[in-house]
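Okay, so here's the structure we're looking at.
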Amino acid sequence: MATSGILRAIRYHPISSRIAATYRSLSTLVLAEHEGGSIKASSISAVEAAKSIGNENSVSLLLAGSGPSLKEAAEHAASCHPSISQVLVAESDNFTYPLAEPWAKLIHVVHQKGDYSHIIAASGSFGKNIVPRAAALLDISPVTDVTEISDSNIFVRPIYAGNALCTVRYTGSSPCMLTVRSTSFSVASTSADSNSKPASIDQVDLSNFSEDDAVGKSRYIKLSSQETERPDLGNARVVITGGRALKSAENFKMIEKLAEKLGAAVGATRAAVDAGYVPNDLQVGQTGKIVAPELYMAFGVSGAIQHIAGMRDAKVIVAVNKDADAPIFQVADYGLVGDLFEVIPELLEKLPDKK
Ligand SMILES: Cc1cc2nc3c(=O)[nH]c(=O)nc-3n(C[C@H](O)[C@H](O)[C@H](O)COP(=O)(O)OP(=O)(O)OC[C@H]3O[C@@H](n4cnc5c(N)ncnc54)[C@H](O)[C@@H]3O)c2cc1C
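The sequence shown: position 8 = 510 (my numbering), numbered continuously.
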């Protein structure tokens, strides 16, 4: 039963006596997030996941927002992935910020018209915020954190902090709602075929959408984000992570300098975040970001199960820890038993500056 050291379990979801959903035809609505006039890479991965549901699947992308950047994002959406046949645009001040209440209602309205077999979002903070509320409105149970799609209603998802993979069959009624891990559905850079015709762009009819629908218990206050030229943690090719052993925010700057040299994103353990060395959007792990870079370098990270859950899919893992028995060495491809306060300065000295 073991697969690459990971237990694979079979479980039926949600209740085996219910009749398995049978789809007349496959049609998927992908909930897309956009920023600065572009569709986010994680949402394009959700389209890639939609593609693997079936060959005859027709894929629509739902965008919401207001202002000129929405129009730009719609144009980007129409040509960002050849599997998209239609872009649905909901333009209203109610969607200026991606709050769960108006979005959930929007999904309900759009599904009533489109009668989709599947609704998919990437498993980031956007999808995790909106999908449960939309699923409740549609009276269905979503399947979350999907890493593999075997069939239109059979999915693989990690459980026990990634220590077991569970194959679930969705037996609820339509639509089948999923959040998918974008690192498991990476899009080849050539995927947006320049010869393919752009998808049609249609406005969503919001005449049934009342002001009351937009008002919920949450209010948008502000967005706090760091201006950085470093790559996005979720999609970076190289990630340099520091743990509690860095001891202070000042010392953590060594990790940032190393990341700069390597053109890498910076990650952190929860212990480093809780100690205030870095903001929590850098946390990697079960309750942080899931990453799958080509190279993951961990400095002073013990390798707790909750941290491993967020980086175990990295192609090459390098660990530096002064404790030879640290669990991180069990998943590392290359390990160095040493003091990070000696190793990092040496690396900074010997590595060439990024061109
Ligand atoms: C529900 C739950 C969810 C969680 N989610 C997450 C999550 O998403 N992400 C996450 O990271 N954690 C998460 N945690 C916390 C997790 O259990 C660990 O506590 C955390 O990952 C430990 O962080 P750390 O490795 O930085 O610190 P420590 O466990 O304190 O390890 C520090 C390591 O640094 C080494 N070290 C010390 N000094 C040096 C030095 N000078 N040079 C080299 N090595 C040195 C030590 O040998 C040690 O191995 C979660 C915990 C719970 C209960």
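Beta carbons: idealized from backbone N, C-alpha and C, even for Gly. Just so we're clear, the structure is a prediction, and the values are computed from it rather than from any experiment.
Beta-bridge annotation (DSSP): Lys791 is paired with Val786. In the DSSP assignment, Leu764 falls within the alpha helix (DSSP H) that extends over 751-764.
Leu735 is classed as buried because its beta carbon has at least 16 other beta carbons within 10 Å across all chains shown. As DSSP reads the structure, Phe657 sits in a beta bridge with Ile651, Val670. When DSSP states are grouped into helix, strand and coil, Val845 belongs to the helix group. With a 10 Å radius around the Cβ and a threshold of 16 neighbouring Cβ atoms, Lys615 comes out exposed.
If you look at Ala774, you'll find it in the alpha helix (DSSP H) that goes 772-776. Separation of Lys607 and Ala638 (C-alpha to C-alpha, rounded to the nearest whole angstrom) is 10 Å. In this structure, Ala576 sits near Ile703, with a CB-CB distance shorter than 7 Å. Counting the other CB atoms within 10 Å of its CB gives Pro795 a total of 16 or more, which places it among the buried residues. Under the three-state reduction of DSSP, Asn823 is assigned to strand. Nearest neighbour of Ser547 by Cα position, chosen from Asp647, Asp841, Ser527, Ile661, turns out to be Asp647. For Thr771, the shortest separation between its Cβ and any heavy atom of ligand 1 lies below 6 Å. Leu563 is not a Cβ neighbour of Ala543, given a cutoff of 7 Å.
Between the alpha carbons of Cys582 and Ser625 lies a gap of roughly 19 Å.
At least one heavy atom of ligand 1 is found less than 6 Å from the C-beta of Asp825. In the DSSP assignment, Glu593 forms a beta bridge with Gly567. Non-local beta-carbon contacts of Leu601 in its own chain, meaning distances under 7 Å to residues more than five positions away in sequence, involve Gly718, Ser720, Tyr722 in chain order. Taking the Cβ atoms as the reference, Ala821 lies roughly 10 Å from Gly840, outside the contact range of under 8 Å. In this structure, DSSP gives His583 a state outside helix and strand, which the three-state scheme calls coil. Contact between the segment 804-820 and the segment 748-759 is absent: fewer than 3 CB-CB pairs across the two stretches fall below 8 Å.
When secondary structure is reduced to three states using DSSP, Leu528 falls in the coil class, being assigned neither helix nor strand. Only residues of its own chain outside the window of five on either side were considered, and among them Ile742, Val820 have a CB closer than 6 Å to the CB of Met799, listed in chain order.
In the three-state scheme derived from DSSP, where H, G and I count as helix and E and B as strand, Leu680 is classed as strand. Boundaries of the alpha helix (DSSP H) around Gly629: 627-640. Looking at the DSSP output, Asp704 sits in a beta bridge with Leu590. If you check the C-beta of Gly718 against ligand 1, you find no heavy atom less than 6 Å away.
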